[in-house]
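Residue 40 in numbering that gives the first Met the number 0 sits at position 41 of the sequence shown, with consecutive numbering throughout.
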Amino acid sequence: MRQIIEGYPKEPRYLLATLQDIQEHHKYLSVESMKMVAEYLGVPESRVFGVATFYKALSLVPQGKKVIKVCNGTACHLRGAPKLVEALEKELGIKNGETTEDGLFTIQTVNCVGACAMAPVVMVNDRVYGKVTISQIPEIIEEERKDAV
Numbered sequence: 000m001r002q003i004i005e006g007y008p009k010e011p012r013y014l015l016a017t018l019q020d021i022q023e024h025h026k027y028l029s030v031e032s033m034k035m036v037a038e039y040l041g042v043p044e045s046r047v048f049g050v051a052t053f054y055k056a057l058s059l060v061p062q063g064k065k066v067i068k069v070c071n072g073t074a075c076h077l078r079g080a081p082k083l084v085e086a087l088e089k090e091l092g093i094k095n096g097e098t099t100e101d102g103l104f105t106i107q108t109v110n111c112v113g114a115c116a117m118a119p120v121v122m123v124n125d126r127v128y129g130k131v132t133i134s135q136i137p138e139i140i141e142e143e144r145k146d147a148v
């Protein structure tokens with residue numbers, strides 16, 4: 000983790016970029032990592048915590064290897080995104096915002112992914128699934144489970 004942090008100049012303006020990099024490598028921001036960032040950049044721990052909790056893309060709890068993001072923007076919402084969340088919760092046995100016990104999947108809702116023409120949209124890490132139906136959820140999970148091995 001220190002290697003990630005020290006890869007940035009010791010300037011407060013690199014706070015968000017540093018946190019994003021740690022999040023990408025470790026799947027969440029630990030209290031220890033935030034303290035290290037604060038010390039390195041010379042900013043108060045409260046500022047680091049404030050930034051970490053402001054941005055939805057940053058998490059203070061471990062995320063799954065596969066983060067499933069269901070778009071809940073207007074187009075996706077009107078085309079059934081809430082039902083997709085329910086189907087994912089049922090398929091994985093977890094609630095929105097939770098991670099499976101094996102650490103493989105996390106479900107999240109996001110405001111808009113900018114793919115309204117493909118609504119409703121589900122993203123798994125960087126893979127985009129468009130015009131998703133409830134019946135496709137088990138197939139998507141199976142495909143992503145195989146890909147994780």
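We put the CB at the ideal spot given by N, CA and C, even for glycine.
Alpha-carbon to alpha-carbon, residue j and residue i
| i | j | result |
| --- | --- | --- |
| I67 | L40 | 32 Å |
| A114 | A86 | 21 Å |
| L103 | V148 | 10 Å |
| L91 | N71 | 19 Å |
| E23 | V109 | 18 Å |
| A56 | E138 | 26 Å |
| N95 | I133 | 16 Å |
| K34 | V50 | 13 Å |
| E10 | I4 | 11 Å |
| L83 | T52 | 26 Å |
| D101 | R126 | 21 Å |
Contact set for residue i: own chain, Cβ-Cβ below 6 Å, skip 5 residues either direction
| i | result |
| --- | --- |
| M0 | S32 |
| Y27 | S58, V60, P61 and Q62 |
| V123 | K65, I67 and E143 |
| A37 | E44 and V47 |
| D20 | I3 |
Reduced DSSP secondary structure (H/G/I, E/B, other) of residue i
| i | result |
| --- | --- |
| C111 | coil |
| R12 | helix |
| M117 | helix |
| T98 | strand |
| I93 | coil |
| T73 | helix |
| R144 | helix |
| R78 | coil |
| V131 | coil |
Chain-order list of residues whose beta-carbon lies under 8 Å from that of residue i (same chain, five-residue window excluded)
| i | result |
| --- | --- |
| K145 | none |
| E97 | T105 and I106 |
| Y128 | V120, V121, M122, Q135 and I139 |
Nonlocal neighbours in the same chain, by C-beta distance under 7 Å from residue i, ignoring five residues either side
| i | result |
| --- | --- |
| C111 | C70 and G72 |
| V42 | P11 and L14 |
| Y192 | No statement about residue 192 is possible, as the shown extent of the chain runs from 0 to 148 and does not include it. |
Within-8 Å CB hit, residue i to chain B
| i | result |
| --- | --- |
| T98 | Here chain B cannot be found, since the structure has a single protein chain. |
For this session: Please determine if the segment 116 to 132 and the segment 73 to 92 are in contact, where contact requires at least 3 C-beta pairs separated by less than 8 Å.
Result: Yes: at least three Cβ pairs fall under 8 Å.
Problem set entry | Runs of alpha helix (DSSP H) wholly within the segment 17 to 68 (minimum 4 residues, chain order) | 30 to 40 and 44 to 53
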